[in-house]
Amino acid sequence: MVGTVTGDVVFQGSGAESNEMESESMRVAFAAQLTILCGLMQILLYVLRCGGVCRWLSQPLVSGYTTAAAVHVTVHQLPLLMGISIVRHRGILAVFWIFLNIASGIRRVLPATLVVSFVSLVILAGGKVLNSCWSTRFPIPWELVLIIFATVSSVQFDLSGQYGIQIVGPIPTGLSPPSLPSFFFSQELFLTALALAVVGYGLQASLGMMFAHKHGYPFHSNQELLAMGLCNSIGGVFQCFPVSGSISRSTVQESTGGQTQVTSLVSALIILLILLKFGPLFQQLPKTVLAVIILVNLQGVFAQVKDVQKLWNTDRLDLVVWVVTLLSALVFNLDLGLGIAIVFSLLTIVFRTQRARSSVLGHIAGTDCYRDLEKYANVIYLHTILR
Numbered sequence: 002m003v004g005t006v007t008g009d010v011v012f013q014g015s016g017a018e019s020n021e022m023e024s025e026s027m028r029v030a031f032a033a034q035l036t037i038l039c040g041l042m043q044i045l046l047y048v049l050r051c052g053g054v055c056r057w058l059s060q061p062l063v064s065g066y067t068t069a070a071a072v073h074v075t076v077h078q079l080p081l082l083m084g085i086s087i088v089r090h091r092g093i094l095a096v097f098w099i100f101l102n103i104a105s106g107i108r109r110v111l112p113a114t115l116v117v118s119f120v121s122l123v124i125l126a127g128g129k130v131l132n133s134c135w136s137t138r139f140p141i142p143w144e145l146v147l148i149i150f151a152t153v154s155s156v157q158f159d160l161s162g163q164y165g166i167q168i169v170g171p172i173p174t175g176l177s178p179p180s181l182p183s184f185f186f187s188q189e190l191f192l193t194a195l196a197l198a199v200v201g202y203g204l205q206a207s208l209g210m211m212f213a214h215k216h217g218y219p220f221h222s223n224q225e226l227l228a229m230g231l232c233n234s235i236g237g238v239f240q241c242f243p244v245s246g247s248i249s250r251s252t253v254q255e256s257t258g259g260q261t262q263v264t265s266l267v268s269a270l271i272i273l274l275i276l277l278k279f280g281p282l283f284q285q286l287p288k289t290v291l292a293v294i295i296l297v298n299l300q301g302v303f304a305q306v307k308d309v310q311k312l313w314n315t316d317r318l319d320l321v322v323w324v325v326t327l328l329s330a331l332v333f334n335l336d337l338g339l340g341i342a343i344v345f346s347l348l349t350i351v352f353r354t355q356r357a358r359s360s361v362l363g364h365i366a367g368t369d370c371y372r373d374l375e376k377y378a379n380v381i382y383l384h385t386i387l388r
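Residue numbers for the sequence shown follow my numbering, so the first one is 2 and each next one is one higher.
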């Protein structure tokens, strides 16, 4: 979304005579401007206490939405697992078009890439099984072990040159100097910044609520708005893109045992060291290894499909919300799909209020309890009391 918008603004503002280097620098400047605008809007939403919009995100909606997001991530990782290049699609039915492109390019699959993917999958999945059986207190970081093993193997056997396996490639080192971009195109970027602020927060809130429900801790919606606003406002000064929750990275961190802010702090420091000094060490890392790490750690998100049976037995209207959320996020992409899901969820609330259920309660002999006469046989109907 950011790339599409910045490209359109560059085309409007630079004209046909602009060379490629100038267009690229303008893209970076517009992306930084978009990031700062997005951050300022999120801070404004925090001041207005708009984090309460999370009340509209019911548990079935969050479950269906994060499952759809996991499907998006999986489909985008499949070409890396098979070593093929495809045309990327955006907008309506993007996931299905990408899947069709993958199916049409199945003959171009690189056997060497499939072998690396399979070996990586066996190492990572097997390592997680070992952790669950014997290393519950001090689990081995198999993701890190796999990355080191794959990088060393790629260098030793020249996987890129000899077998054509895609690698990460050059990683620029150093940080961009802080600078405030010009806000000349603020009017053109305003609506996009607002959409990014809202949709980015919606995805962040969905992930936060999912993990909060799983691990039993509170989720502070307004605090998330402030955190995202500060990250975007400060990040834009360093030419960063707008940030939000990443389902792939979040699941990797959660599955490796990270549950506190210390984990994110350590991760940020390691990334900073890589940017400043150690980036070239990972240039030979095969991309398919990263895809395997992401897919293996998404299994916890896909496990939410089990909610379908539970919702069928308890509340079928919630099941409809789950299915509609999943389909809308798959068909209309994550941003528009989230809006459709929220509107549909609100309509179900209206439907429930218009069809409120009432029941006659009967007394359970020897107690002060009353239960529904239609559901319980051994209750006594009292003609003089209706509760």
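We put the beta carbon where it would ideally sit given N, CA and C, even for glycine. Note that the structure is a prediction, hence the values are computed from the model and not measured.
query: Through-space distance from H384 to L374, alpha-carbon basis; result: 13 Å
query: Three-state class that DSSP yields for R109 in the structure shown; result: helix
query: Integer-rounded CB distance, given that P243 should sit under 8 Å from C39; result: 5 Å
query: Extent of the continuous beta strand (DSSP E) to which R372 belongs; result: 371–373
query: Helix, strand or coil at L407 [DSSP, three-state]; result: This structure leaves residue 407 out entirely; the chain is present only between 2 and 388.
query: Three or more C-beta pairs below 8 Å linking the region 288–305 and the region 80–88; result: yes
query: Same chain, Cβ closer than 7 Å to W313, neighbours up to 5 away in sequence not counted; result: L320
query: Beta-carbon proximity check, V74 vs V96, cutoff 8 Å; result: no
query: Helix, strand or coil at P287 [DSSP, three-state]; result: strand
query: Contact between the region 40–47 and the region 222–229 (3+ Cβ pairs under 8 Å); result: yes
query: Contact set for S457: own chain, Cβ-Cβ below 6 Å, skip 5 residues either direction; result: Summary: the structure shown does not reach residue 457, with the chain confined to residues 2 through 388, and so no result is reported for it.
query: Cβ shell of G175 (< 8 Å), same chain only, five flanking positions each side left out; result: L276, L277
query: DSSP-derived helix/strand/coil call for L190; result: helix
query: Rounded separation between G52 and I37 - CA only; result: 19 Å
query: S234 beta carbon less than 8 Å from that of L204; result: no
query: T152 beta carbon less than 8 Å from that of F404; result: The first residue shown for the chain is 2 and the last is 388, placing residue 404 beyond what the model contains.
query: Three or more C-beta pairs below 8 Å linking the region 133–147 and the region 158–168; result: no
query: Span separating the alpha-carbon of Q285 from that of G170; result: 6 Å
query: For S105 and V88, the rounded distance between their alpha carbons; result: 11 Å
query: Where the alpha helix (DSSP H) through L362 begins and ends; result: Element bounds for L362: not the alpha helix (DSSP H) but the beta strand (DSSP E), 362–364.
query: Exposure label - I85; buried when at least 16 CB within 10 Å; result: buried
query: Buried or exposed (CB count within 10 angstroms, at least 16 for buried), L331; result: buried
query: Backbone CA spacing between L122 and V29 [nearest angstrom]; result: 36 Å
query: Span separating the alpha-carbon of E351 from that of G209; result: Residue identity check: residue 351 is Val in the sequence provided, not Glu. Near 26 Å, if we compare the C-alpha coordinates of G209 and V351.
query: Residue span of the alpha helix (DSSP H) that contains D336, given as start and end; result: 334–355
query: Extent of the continuous alpha helix (DSSP H) run through Y1; result: The chain is shown only over 2 to 388; residue 1 falls outside these bounds and no answer can be derived.
query: When Y377, V63, L335, D369 are compared against A206, the one with the closest alpha-carbon; result: V63
query: Cβ shell of L66 (< 7 Å), same chain only, five flanking positions each side left out; result: Looking at the sequence provided, one finds Tyr at residue 66 rather than Leu. Within the same chain, Y66 has close Cβ partners S207, T326, A330, L339, A342.
query: Proximity to S251 [Cα-Cα], best of F239, S265, A228, G201; result: S265
query: Own chain partners of I103 with C-beta closer than 8 Å, once the 5 adjacent residues on each side are dropped; result: V76, L79, P80, M83, I85, I87
query: DSSP state of T7 mapped onto helix, strand, coil; result: Model confidence at T7 stands at a pLDDT of 45, short of 50, so the residue's coordinates are unreliable; what they give is reported in the following sentence. Reduced to three states, the DSSP call for T7 is helix.
query: Identity of the residues DSSP links to I381 by a beta bridge; result: H364
query: Alpha-carbon to alpha-carbon, K376 and V263; result: 50 Å
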